[in-house]
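For the working numbering, add 65 to where a residue sits in the sequence shown, where the first one is 1. In this text, a Cβ means the ideal position worked out from N, Cα and C, and glycines have one as well. First comes the structure, then the notes that go with it.
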Amino acid sequence: MLKLIIIAVVGYVFYRALKSWMIGTMARPDDLNGRSGTAVDDVLVQDPVCKTYIAQRSAIPLHEGDEVLYFCSEACRERYRREHASEKKS
Ligand SMILES: [Zn+2]
66 MLKLIIIAVV GYVFYRALKS WMIGTMARPD DLNGRSGTAV DDVLVQDPVC KTYIAQRSAI
126 PLHEGDEVLY FCSEACRERY RREHASEKKS
């Protein structure tokens, strides 16, 4: 029985640590409170090229007609542009 309690406690502590670590790296609540930013600051967007999730504010936008696509890097944006340029031509 004691073993079960220890496992539960360790699991809980690990869960809490993991959760705070994830919040710290992804949203940085302290940073958000310091500025008058809106919810846009912690929106995650997906890079359509490499499927990476990035914070919208640190992503590189590309306007495609009405919609805006976000990329993790210039390299991904250029790759997307090249691929779609050839698509449109054919
Ligand atoms: Zn990318």
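Is residue i buried or exposed, if buried means 16 or more other CB atoms sit within 10 Å of its CB?
i       : result
Tyr-118 : exposed
Arg-142 : buried
Assuming residue i and residue j are in contact, meaning their beta carbons sit under 8 Å apart, how far apart are those beta carbons, in whole angstroms?
i       : j       : result
Pro-113 : Leu-134 : 6 Å
Leu-109 : Ala-120 : 6 Å
Of the choices the options, whose alpha-carbon is the least far from that of residue i?
i       : options                   : result
Glu-129 : Arg-146, Gln-121, Val-74  : Arg-146
Thr-90  : Asp-107, Cys-115, Ile-125 : Asp-107
Arg-122 : His-149, Gln-111, Asp-131 : Gln-111
Lys-116 : Val-74, Trp-86, Ser-138   : Ser-138
If you follow the beta strand (DSSP E) that residue i is in, where does it begin and where does it stop?
i       : result
Ala-58  : Any property of residue 58 remains undetermined from this structure, which presents the chain solely from 66 to 155.
Val-110 : 109–111
Val-114 : Looking at the DSSP string, Val-114 is not in any beta strand (DSSP E), and its letter there is neither H nor E.
Which residues bound the alpha helix (DSSP H) around residue i?
i      : result
Val-75 : 67–91
Leaving out five residues on either side along the sequence, give the residues of the same chain with a beta carbon under 6 Å from the beta carbon of residue i.
i       : result
Arg-144 : Val-114
I'd like the list of long-range same chain contacts for residue i, defined as Cβ closer than 8 Å, with 5 residues on each side in sequence excluded.
i       : result
Ala-124 : Val-110, Asp-112, Tyr-135, Phe-136, Cys-137
Phe-79  : none
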